[in-house]
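Q: Could you have a look at this structure, given as structure tokens, before my questions?
Residue numbers (this note's numbering): 3 to 273.
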């Protein structure tokens, strides 16, 4: 695919180290679904996924909203960039020690790698494991923060539904396979790696098989989550159960841990 094209934001400049929100909830997708999780959501993303359910995170914002107390439904706002000490204080006010994970999510957190590392190191000693949710393309940024992360949950994007900012809206664009493979080569040094593949009606067998083959070659011990898309944005339908069962069986021939897990947070109406 060529050289990595995911430059970090200019941390320290106006709008850098942008956070969208800090709140307590339960993990709504992936193998840790249902686990109590404190979310620190970063602003800014360099991809546009057809099915994105958090388009409000695409750009940096001036203010971050912070849940005032666990399960309160009440919020306060603070101006960005937030000092790490204030993020840690917010986490403590949300009973961070009673969560299984702190999720660093977005947007795309690795556009702000220095901020991710600082937040991870500040919160890691408070009890929960640090869980990074990322689009899985920013290899150089991951290299610098790997030692601060316990679990890496990376997406593997398919160009049938995803494009980079600046790519033409129509026509052939380079796939993400090479960049994801480079990322996975680094990520496999973490304690645990989850690869999430969102499946839509447009997802083709050839591109899915290519993903599975590359994961098997680089890190066959990773957990692969096949996630049927939740209709949102430009996606109106989800693949049927028969389709997902066939894909699970086929991926299971190459990988030891393959799971079909839909998103659950839309069912319960939680963030």
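Every residue, glycine too, gets a C-beta built ideally from N, C-alpha and C.
To the nearest angstrom, report how far apart residue 15 and residue 94 are at their CA atoms.
A: For the purposes of this step, residue 15 is taken as residue 13 along the chain shown, with counting starting at 1. For the purposes of this step, residue 94 is taken as residue 92 along the chain shown, with counting starting at 1. For residue 15, the predicted structure reports a pLDDT of 35, less than 50, and the residue's modelled location is therefore unreliable. The matter cannot be settled from this model.
Q: Are there 16 or more other CB atoms within 10 angstroms of the CB of residue 115, so buried, or fewer, so exposed?
A: For the purposes of this step, residue 115 is identified with residue 113 of the chain shown, where counting begins at 1. Residue 115 comes out buried.
Q: My understanding is that residue 40 touches residue 104, with C-beta atoms under 8 angstroms, so please give their C-beta distance in whole angstroms.
A: Taking the chain shown and counting its residues from 1, the one referred to as residue 40 is at position 38. Taking the chain shown and counting its residues from 1, the one referred to as residue 104 is at position 102. The Cβ separation is near 5 angstroms, so the contact holds.
Q: I'd like the span of the alpha helix (DSSP H) that includes residue 267, first residue to last.
A: Against the chain shown, residue 267 aligns to sequence position 265. 267-270 is the extent of the alpha helix (DSSP H) around residue 267.
Q: Which residue spans inside the segment 124-172 form an unbroken alpha helix (DSSP H) run of at least 4?
A: Listed in chain order, the complete alpha helix (DSSP H) runs (minimum 4 residues) inside the segment 124-172 are 141-147.
Q: Excluding the 5 residues flanking residue 262 on each side, which residues of the same chain have their C-beta closer than 6 angstroms to its C-beta?
A: In the chain shown, counting from the first residue as 1, residue 262 sits at position 260. 228, 246 and 250, listed in sequence order.
Q: On the DSSP letters alone, give me the boundaries of the beta strand (DSSP E) that residue 26 sits inside.
A: Along the chain shown, read from residue 1 onward, the residue named residue 26 stands at position 24. 21-28 is the extent of the beta strand (DSSP E) around residue 26.
Q: So, helix, strand or coil for residue 260, using DSSP?
A: Sequence index remark: in the chain shown, residue 260 carries index 258 (1-based). In this structure, residue 260 counts as strand in the three-state DSSP scheme.
Q: Rounded to a whole number of angstroms, what is the C-alpha to C-alpha distance between residue 178 and residue 166?
A: For the purposes of this step, residue 178 is taken as the residue at position 176 of the chain shown. For the purposes of this step, residue 166 is taken as the residue at position 164 of the chain shown. Near 10 angstroms, if we compare the C-alpha coordinates of residue 166 and residue 178.
Q: What residue does the alpha helix (DSSP H) around residue 50 start on, and which one ends it?
A: Counted from its first residue, the chain shown places residue 50 at position 48. Where residue 50 is concerned, there is no enclosing alpha helix (DSSP H), although the beta strand (DSSP E) it sits in stretches over 49-51.
Q: Could you check if residue 85 is buried or exposed, using at least 16 other CB atoms within 10 Å of its CB as the buried criterion?
A: Stepping through the chain shown from its first residue, residue 85 is reached at position 83. So residue 85 ends up on the exposed side.
Q: In chain order, what are the residue ranges of uninterrupted alpha helix (DSSP H) at least 4 long that sit wholly in the segment 72-116?
A: Within the segment 72-116, the complete alpha helix (DSSP H) runs of at least 4 residues are 86-95.
Q: Am I right that residue 1 and residue 134 are in contact with their C-beta atoms under 8 angstroms? What's the rounded C-beta distance?
A: Any property of residue 1 remains undetermined from this structure, which presents the chain solely from 3 to 273.
Q: Assuming residue 69 and residue 26 form a contact by the criterion Cβ under 8 angstroms, report the distance between their Cβ atoms to the nearest whole angstrom.
A: Translated into positions along the chain shown, residue 69 becomes position 67. Translated into positions along the chain shown, residue 26 becomes position 24. With a Cβ gap of about 6 angstroms, residue 69 and residue 26 count as contacting.
Q: Where do the ends of the alpha helix (DSSP H) carrying residue 180 lie?
A: In the chain shown, the residue the question calls residue 180 occupies position 178. First-last of the alpha helix (DSSP H) with residue 180: 179-189.
Q: Check whether the segment 30-44 touches the segment 255-270, counting contact only when three or more Cβ pairs, one atom from each stretch, lie closer than 8 angstroms.
A: The segment 30-44, when compared against the segment 255-270, does touch it at the 8 angstroms Cβ threshold.
Q: Over the uninterrupted alpha helix (DSSP H) stretch that includes residue 250, give me the two end residues.
A: As a working mapping, residue 250 is identified with position 248 in the chain shown. Note, residue 250: alpha helix (DSSP H), 243-254.
Q: What are the boundary residues of the alpha helix (DSSP H) that residue 209 is part of?
A: Here residue 209 corresponds to residue number 207 of the chain shown, with the count starting at 1. Per DSSP, residue 209 belongs to the alpha helix (DSSP H) from 207-221.
Q: Could you give the DSSP three-state label for residue 119: helix, strand or coil?
A: In the chain shown, the residue the question calls residue 119 occupies position 117. Residue state, collapsed to three classes: helix.
Q: Would you mind stating whether residue 168 and residue 109 have Cβ atoms separated by less than 8 angstroms?
A: Position 166 of the chain shown, counted from the start, is the residue given in the question as residue 168. Position 107 of the chain shown, counted from the start, is the residue given in the question as residue 109. No. Outside cutoff.
Q: From this set, 201, 112 and 194, which residue's C-alpha is nearest residue 222's C-alpha?
A: Looking up residue 222 in the chain shown gives position 220. Answer by Cα proximity: 194.
Q: Might you give, ordered along the chain, the residues of its own chain that have their beta carbon closer than 7 angstroms to the beta carbon of residue 187, omitting 5 neighbours on each side?
A: As a working mapping, residue 187 is identified with position 185 in the chain shown. Excluding sequence neighbours, residue 187 sits near 220.
Q: So who's on the other strand from residue 198, going by DSSP bridges?
A: The sequence position of residue 198 within the chain shown is 196, counting from 1. Answer by DSSP bridge pairing, in chain order: 157 and 227.
Q: Output yes or no for whether 8 angstroms exceeds the beta carbon distance between residue 112 and residue 131.
A: Here residue 112 corresponds to residue number 110 of the chain shown, with the count starting at 1. Here residue 131 corresponds to residue number 129 of the chain shown, with the count starting at 1. It is not a contact, given that the beta carbons lie outside the stated cut-off.
Q: Which residue marks the beginning of the beta strand (DSSP E) containing residue 69, and which one marks its end?
A: Counting from 1 along the chain shown, the entry for residue 69 is found at position 67. That run of the beta strand (DSSP E) goes 65-69.
Q: Roughly how many whole angstroms lie between the Cα atoms of residue 233 and residue 271?
A: Residue numbering aside, residue 233 sits at position 231 when the chain shown is read from its first letter. Residue numbering aside, residue 271 sits at position 269 when the chain shown is read from its first letter. Cα to Cα, the separation comes out at about 15 angstroms.
Q: Cβ of residue 150 within 8 angstroms of Cβ of residue 119?
A: Taking the chain shown and counting its residues from 1, one reaches residue 150 at position 148. Taking the chain shown and counting its residues from 1, one reaches residue 119 at position 117. Cβ distance < 8 angstroms, so residue 150 and residue 119 count as in contact.
Q: Does the distance from the C-beta atom of residue 209 to that of residue 160 stay below 8 angstroms?
A: Position 207 of the chain shown, counted from the first residue, corresponds to residue 209. Position 158 of the chain shown, counted from the first residue, corresponds to residue 160. Yes.
Q: Hey, residue 185 and residue 141 are a contact pair by Cβ (cut 8 angstroms); roughly how many whole angstroms apart?
A: If you number the chain shown from 1, residue 185 lands on position 183. If you number the chain shown from 1, residue 141 lands on position 139. About 5 angstroms separates the two Cβ atoms, so the contact holds.
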